[in-house]
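Peer 1: All the letters of the sequence shown, read from the start, carry residue numbers 11 to 184 under this note's numbering.
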Amino acid sequence: MYQRDPEAWQAHLAEGNRIQPRKRVGADVLFRDQTGNVLIVEPRYKPGWDLPGGMAEANEPPLAAAVREVTEELGIAWGGGRMLVLDWVAPHGPWDDSLMFVFDGGVLTTAEQQRIMPADNELGAYAFVPADDAMARIGSRLARRLDAALHAAGDGTTVYLHDGQDIERVAPPR
C-alpha cells in the first residue's frame, strides 16, 4: 500500500514519530591530565560533581552535544573523540530512561588546561583529581560509567552498559 501511496507512507511515519517514545540523550567527556587525573566539574544547577558534558538538544547528535557542552562549560575548543561508553539508564525518580554517552577527550596539556575558563555561569568549580576521588565525588551511577570509560580508554574497547553494569565489551577492529 505505501509503495503505491507515498503520501500515506509519510503520514504513517509522521504518526509514528508523534506517538512513539523519545529518549533523553546525554554526552559527557573524559578528559585527563598528564598524571592521569580526571577532569570533573561542579554544576551550579544540581548537587554534586559531574563529568564535563550535558544533554543533547532536539535532533543533535551525541558527539555534537559533547563538543557544544565542552565549549559552553569550559570555554575550550575540543574537536571530539572516540566513544568509550554507551549506558542505557533505566527510569528513575521523575525521569524516563535515557542513553548516556562518554567520549574520550584525551590528555589535556598544561597549556590546554590553562585555557579552561568556564564560559557561562553553569559551573561553580572544576578540578583534576585522581580517578578514585572523582568516583567518590560523583553519584554512584556516573561513577560506574566513569570506571567503565577509564577501562575502555586504557584498553581500546567500547563498553555498553545497562545502568552502569557492563553488558558487552567490544574490541576494536583489527
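All C-beta atoms in this analysis are idealised placements derived from N, C-alpha and C, irrespective of residue type, glycine included.
1. What's the gap between the Cα of H102 and the Cα of R14?
2. From what residue to what residue does the beta strand (DSSP E) around E52 run?
3. Have a look at W98, L96, V51 and flag the residue whose alpha-carbon is nearest the alpha-carbon of E82.
4. Can you tell me which residues form a DSSP beta bridge with L133?
5. Could you name each continuous beta strand (DSSP E) segment of 3 residues or more that falls completely within the stretch 78-124, going from the start of the chain to the end?
6. With the cut-off set at 8 Å, would you say D43 and L61 are in Cβ contact?
7. Assuming the contact rule is C-beta atoms closer than 8 Å, T168 and L94 should be a hit. Round their C-beta distance to whole Å, please.
8. Report the rounded CA-to-CA distance for W19 versus L160, giving the unit in angstroms.
Peer 2: Once the coordinates are examined:
1. 44 Å
2. 48-53
3. V51
4. BP columns for L133 point to P53.
5. 93-99, 108-117
6. no
7. 6 Å
8. Cα to Cα, W19 sits roughly 45 Å from L160.
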